[in-house]
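In case it helps, the numbering used here puts the sequence shown at residues 74 to 291.
Where a beta carbon is used, it is the ideal one built from N, C-alpha and C, also for glycine.
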Amino acid sequence: MLHSRAFTLVELVFVIVAVGILAAVIVPRMQSSRLREAADQVVSHIRYTQHLAMMDDKFGLGNEWYKGRWQIVFDKAARTDNKFSYSIFSDKRGPIDYTGNADVSEIAKNPQDTSKLLSGGSSSLDFNDRRATKKMNLGNEYGISNVVFSNTCSISGSRRIIFDYLGRPMRGNAASYTSAYPANRLIAEQCNITLSDGTDSIIISIEPETGFAYIQQN
Numbered sequence: 074m075l076h077s078r079a080f081t082l083v084e085l086v087f088v089i090v091a092v093g094i095l096a097a098v099i100v101p102r103m104q105s106s107r108l109r110e111a112a113d114q115v116v117s118h119i120r121y122t123q124h125l126a127m128m129d130d131k132f133g134l135g136n137e138w139y140k141g142r143w144q145i146v147f148d149k150a151a152r153t154d155n156k157f158s159y160s161i162f163s164d165k166r167g168p169i170d171y172t173g174n175a176d177v178s179e180i181a182k183n184p185q186d187t188s189k190l191l192s193g194g195s196s197s198l199d200f201n202d203r204r205a206t207k208k209m210n211l212g213n214e215y216g217i218s219n220v221v222f223s224n225t226c227s228i229s230g231s232r233r234i235i236f237d238y239l240g241r242p243m244r245g246n247a248a249s250y251t252s253a254y255p256a257n258r259l260i261a262e263q264c265n266i267t268l269s270d271g272t273d274s275i276i277i278s279i280e281p282e283t284g285f286a287y288i289q290q291n
């Protein structure tokens, strides 16, 4: 005759403890995975920005042409839901020439969906606009709470990377450039961009001269 066997209280306690241990191990890994996914995406977009700069080949096209180079800029403001977001754009002449801001008409189109722009929110595009690429709002999509640029690629706290027609990375705001290659604007040392989610962080590096972008291995 078969008898059913119920769990004892001790066994239930062991099960609860085991589940708690698994949760403690799995949850941080899930968070780390989101951080890595965000970093992978940013690296891909840095490379795409460099590609646009090299294909567009802006060089000597009118006065102050160098202010219109392709760039990737990170921002945190009301239109980004006060979360860190980034945009890829090429500044243009207009009613106000070369503002240094990612205006809607200047933002690159998303090659995977041309109805979208490569921005998760900018000075002229709300984060919840149907044209925004939601994943580029790192705060909302991946829980990124901070984006820090190393001093080697930041001037006065700027969070942007510009690429010249050879694909070389430059720093600062191109709208303030007074010539094609102002002193100390070409990045001469490894640039590190640290993404943090409040618990963990990951570093993206960009090499000088080549502009090669990659994720540092721990």
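Per DSSP, the bridge partner or partners of residue i
| i | result |
| --- | --- |
| CYS264 | ILE279 |
| LEU198 | SER195 |
| ASP148 | SER158 |
| TRP143 | SER163 |
| ILE234 | ILE145 |
For residue i, three-class secondary structure by DSSP
| i | result |
| --- | --- |
| THR187 | strand |
| ASP113 | helix |
| ASN210 | strand |
| SER252 | coil |
| TYR287 | strand |
| SER180 | Sequence check: residue 180 is Ile here, not Ser. Correct three-state label for ILE180: strand. |
| LEU239 | coil |
| SER274 | strand |
Cβ pair residue i, residue j closer than 8 Å
| i | j | result |
| --- | --- | --- |
| ILE66 | LEU191 | Any question about residue 66 goes unanswered here, given that the chain covers just 74 to 291. |
| ARG244 | ILE260 | yes |
| ASN219 | ARG233 | no |
| ASP129 | SER163 | yes |
| ILE180 | SER196 | no |
Proximity winner among the options, relative to residue i (alpha-carbon distances)
| i | options | result |
| --- | --- | --- |
| GLY216 | GLN290, TYR287, SER274 and GLN289 | SER274 |
| HIS118 | GLN263, ILE279 and GLN290 | ILE279 |
| TYR139 | ALA126, SER269, ALA253 and LEU268 | ALA253 |
Alpha-carbon to alpha-carbon, residue j and residue i
| i | j | result |
| --- | --- | --- |
| THR225 | SER158 | 21 Å |
| GLY271 | LEU108 | 11 Å |
| TYR238 | ASP199 | 30 Å |
| ALA286 | ILE145 | 13 Å |
| ALA151 | ASN213 | 13 Å |
| ARG120 | ASP170 | 27 Å |
| SER231 | ALA175 | 14 Å |
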